[in-house]
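Notes to accompany the following structure.
2 protein chains.
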Amino acid sequence: MKAATIRDVALRATVSVASVSRVLNGAGPVAEPTRRRVLEAVEALQYVPHSGARSLSTSKTNTVGVILPDLFGEFFSELIRGLDVAAREHGYHLIVSSSHDDADEASAAIRSMRGRVDGLIVLSPHMDAANLAASLAGRLPVLLMNGGATDAGRPSIVVDNHGGAVTAVKHLLDTGRTRIAHIAGPAGNLEAESRLAGYGEAMARAGLETTVVEGDFTQASGHRAAARLIADGQSLDGLFAGNDMMAVGALLAFQEAGLRCPEDIAVVGFDDVPIAGLVRPSLTTMRIRIAETGRSALKRLVGLIEANTGADVACDVVRPELVIRQSSGQAATPDRRAAANRAPTATGSSQLGEVRDV
Amino acid sequence: MKAATIRDVALRATVSVASVSRVLNGAGPVAEPTRRRVLEAVEALQYVPHSGARSLSTSKTNTVGVILPDLFGEFFSELIRGLDVAAREHGYHLIVSSSHDDADEASAAIRSMRGRVDGLIVLSPHMDAANLAASLAGRLPVLLMNGGATDAGRPSIVVDNHGGAVTAVKHLLDTGRTRIAHIAGPAGNLEAESRLAGYGEAMARAGLETTVVEGDFTQASGHRAAARLIADGQSLDGLFAGNDMMAVGALLAFQEAGLRCPEDIAVVGFDDVPIAGLVRPSLTTMRIRIAETGRSALKRLVGLIEANTGADVACDVVRPELVIRQSSGQAATPDRRAAANRAPTATGSSQLGEVRDV
DNA sequence: CTGTTAGCGCGTTCAA
DNA sequence: TTGAACGCGCTAACAG
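From first to last, the protein sequence lines stand for chains A and B. Each step along the first sequence adds one to the number in this note's numbering, with nothing skipped, and position 287 is 394. Each step along the second sequence adds one to the number in this note's numbering, with nothing skipped, and position 150 is 257.
In structure tokens:
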């Protein structure tokens, strides 16, 4: 009991496969009676076109692949959400391939995409352009989002991690903090390194010393790193975490240690994942409109696919935007009545909207 | 400048395409010199097999499709993570198709999968078995996770939503709460309805009246629903939310209204998404090991695909497990030093591990 | 051990 | 307006 093919339909409708194809694709002239008979047969046989076969014959899969390092945390899930809705809008399917911790794995994943997809979005913070190019046999449209240096000559979208980090640190300085530590992302990760560099630059410019502990972008690593900072007896009054998840981990560690945030120590994260607005104190962070970025990435890739000219080699840069919440001491608890269980904070409920708009 | 095909390789290595295929797939006998020449040609031409063509000829795509209602919230992203790692382990790719709000859309999505995948995992809380069967031309292995009644005759995994809801409400009763409201998921959603029914049953059994407000599983809807409950002047002391995201929304609404949780009102959620352990107060909830469930779902589907017998028609049931945290008043703030900014809670730090183990 | 050939299911010329 | 035949790139029989 196998699935019906276009042949079965043709046979039952007593027409040729070509006619069936014409009817189904609305291409070419078809007489009304023929058309009717075909549709009847399709209905009777529950026929559904075999997209694999169609792809082979049209060299069009209507699918795009997404190469990711891993799927932990909210960043990537938000991104996928954005990609997915855009894909649907443009009539594309999405095939995801994650857990590529090094360049080799990512490279293998890219190769395995040949014949499955019409284009690729690559987020591999460990892979440079050269490495990537080598993985790319056959001219498959690729959009790079590997957060590295502007990989010249390839269409790409990068986040201004350096600039964002500088802004974050400046914000902490603006609130009067001077002993500011940084929890960095994993070494070798291009995004992590840019943010670290931005932190370093901003601190140097202010004539301040730096304190850096390495994490791996997970909440647990942020927790550990913060615990270490406390144990080291550092008298900190500010923390810039390499991403929100680590910042959240640090927040909890501070809380466990009896440190009040933002009174004792102010915290700023990076990414603005949905959870950032939901923790207490809510997290000041550098906002990347993640899902939105995903949408535009997919849209751009579709452009690359459909206008198969190599014209678009621009490097869009996404500039993160400072979102001030409670953790940096500038937003108040949005309580309306007595907030007996919370320490008073500086200002009124001016940031209520911001806290909610996640 | 097109990508090289197996023919190009054969030509360059002066062998037949069959030999190339044999070398690349390690199937059949190949003489060493032949083998070497083929590999050289592959290298020189940067040849990568076209998996679409391979699929057509082997009727094997090594891809599984996942049909989802949407991608909001952490539940689905956690699930996808579990599915993805398991897929990788088993040598499969994952193609996701989401945003299917009604049965028709889901049905169309399922059809569009023919020829792309070897099997399907369907999460469509709106689609019953009959509807699904109609969408399935050709016998494609399908694993159902639509949370509905045990769809007899089809392999499926269901969460014991009813039992979980009863447990959740019982827990609230155990802590001495009696005026317990429920924020339900969207009408028509099978999971939401089971949880609602469980709530109703547990309340009835305790001889208590019910209060239900409808939400849609989003954090915002939970916030709105809680606000409505407050505005209605209900003197509640307990809340069972249909899922964690709505519970988190409610938590914030209570906070804004000056209600203390758990002192004034205890809250229990459902799912145990990662965020549940990170909000404050941390959220008591019914734990579903989401990623783990995804892993086993994929594993089971692979079993269905590879042993193509219709033997497996069981309905695995996942029993949610109560995780007690701060929001139901039984777990303490895990502060070590002075916790001046927090109201005292009932017990010591006995639940510290549970709060952390997310 | 190796090459030839027939499909896999579909779109698409090109004649009729 | 229709149908026969070829090709997409590859695997798998079957000869040699």
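C-beta atoms are modelled at their ideal positions from N, C-alpha and C, and glycine is treated no differently.
- Arginine 331 (chain B): not part of any beta strand (DSSP E); member of the alpha helix (DSSP H) spanning 326–338, first to last residue.
- In the structure shown, histidine 269 (chain A) falls within a helical segment according to DSSP collapsed to helix, strand and coil.
- Cβ-Cβ distances below 7 Å link asparagine 253 (chain B) to Val229, Leu230, Ser231, Pro232, Met234 and Leu297 in the same chain, with the five nearest sequence neighbours on each side left out; the list follows chain order.
- Contact check for leucine 280 (chain B) and alanine 304 (chain B): beta-carbon distance about 17 Å, past the 8 Å limit, so the pair fails to qualify.
- Serine 206 (chain A) carries a coil assignment under DSSP once its states are collapsed to helix, strand and coil.
- Taking the beta carbon of isoleucine 187 (chain A) as reference, the chain B residues within 8 Å of it are Leu178, Ser184, Ile187 and Val203, listed in sequence order.
- Scanning chain A for C-beta atoms nearer than 7 Å to the C-beta of arginine 142 (chain B) yields nothing, as the closest lies near 20 Å away.
- Valine 420 (chain A) carries a coil assignment under DSSP once its states are collapsed to helix, strand and coil.
- Taking the Cα positions, glycine 307 (chain A) is about 27 Å away from alanine 210 (chain A).
- Between aspartate 344 (chain B) and the set B:Ala354, B:Arg286, B:Val319 and B:Pro293, the nearest pair of CA atoms involves B:Arg286.
- A distance below 8 Å separates the beta carbons of glycine 329 (chain A) and valine 355 (chain A).
- In this structure, serine 403 (chain B) keeps its C-beta atom at 8 Å or more from the C-beta atom of glutamine 433 (chain B).
- Against chain A, the CB of glutamate 181 (chain B) has a partner CB under 8 Å away; the residue lies at that interface.
- Apart from sequence neighbours up to five positions away, the residues of its chain that approach alanine 332 (chain B) with a beta-carbon distance below 6 Å are Ile290, Val320 and Gly322, ordered along the chain.
- For alanine 418 (chain A) and leucine 411 (chain A), the gap between their C-alpha atoms comes out near 9 Å.
- Chain-order list of chain A residues neighbouring alanine 160 (chain B): Leu163 and Gly222, by C-beta distance under 7 Å.
- Comparing alpha-carbon positions, the option among A:Arg335, A:Glu316, A:Arg367 and A:Pro293 lying closest to aspartate 208 (chain A) turns out to be A:Pro293.
- With fewer than 16 other Cβ atoms from the protein chains shown falling within 10 Å of its own Cβ, arginine 426 (chain B) counts as exposed.
- Residues are counted here when their Cβ sits less than 8 Å from a Cβ of chain A; for the stretch 345–367 of chain B these are Val355, Leu359, Gln362, Glu363, Ala364, Gly365 and Arg367, given in chain order.
- Remark: fewer than three beta-carbon pairs, one from each stretch, lie closer than 8 Å, so the stretch 364–373 of chain A and the stretch 149–157 of chain A are not flagged as touching.
- Pairing serine 435 (chain B) with valine 375 (chain B) gives a Cβ-Cβ distance under 8 Å.
- Residue B:Ile431 holds the alpha-carbon nearest to the alpha-carbon of alanine 373 (chain B) among B:Ile431, B:Leu247, B:Asp115 and B:Ser204.
- In this structure, the straight-line span from the alpha carbon of phenylalanine 347 (chain B) to that of serine 126 (chain A) is close to 58 Å.
- The alpha carbon of aspartate 115 (chain A) has as its nearest neighbour, out of A:Arg142, A:Thr274 and A:Ala148, the alpha carbon of A:Ala148.
- According to the DSSP secondary-structure assignment, aspartate 378 (chain B) is paired through a beta bridge with B:Arg394.
- At a cut-off of 8 Å between C-beta atoms, histidine 157 (chain A) counts as an interface residue with respect to chain B.
- Chain A places a beta carbon closer than 8 Å to that of arginine 218 (chain B), counting this residue as a contact.
- Nearest in C-alpha terms to serine 263 (chain B), of all of B:Gly340, B:Gly135, B:Leu408 and B:Thr121, is B:Leu408.
- With contacts defined by Cβ atoms closer than 8 Å, alanine 194 (chain B) and valine 171 (chain B) form a contacting pair.
- Under a criterion of Cβ atoms nearer than 9 Å, the residues of chain B adjacent to valine 386 (chain A) are, in order, Ile382, Leu385, Val386 and Arg387.
- The beta carbon of valine 122 (chain A) lies closer than 7 Å to those of Thr141, Arg144 and Val145 in the same chain, with the five residues before and after it left out.
- In terms of beta-carbon proximity, valine 430 (chain B) stays away from the interface with chain A, with every pair separated by 8 Å or more.
- Around alanine 272 (chain A), the same chain offers Arg302, Gly305 and Tyr306 as residues with beta carbons nearer than 6 Å, after the five sequence neighbours per side are excluded.
- Threonine 318 (chain B) sits in a strand when the DSSP states are folded into three classes.
- Close to threonine 168 (chain B), with beta-carbon spacing below 7 Å, are these residues of chain A in chain order: Gly159.
- Under the Cβ criterion of 8 Å, serine 206 (chain A) is counted among the residues facing chain B.
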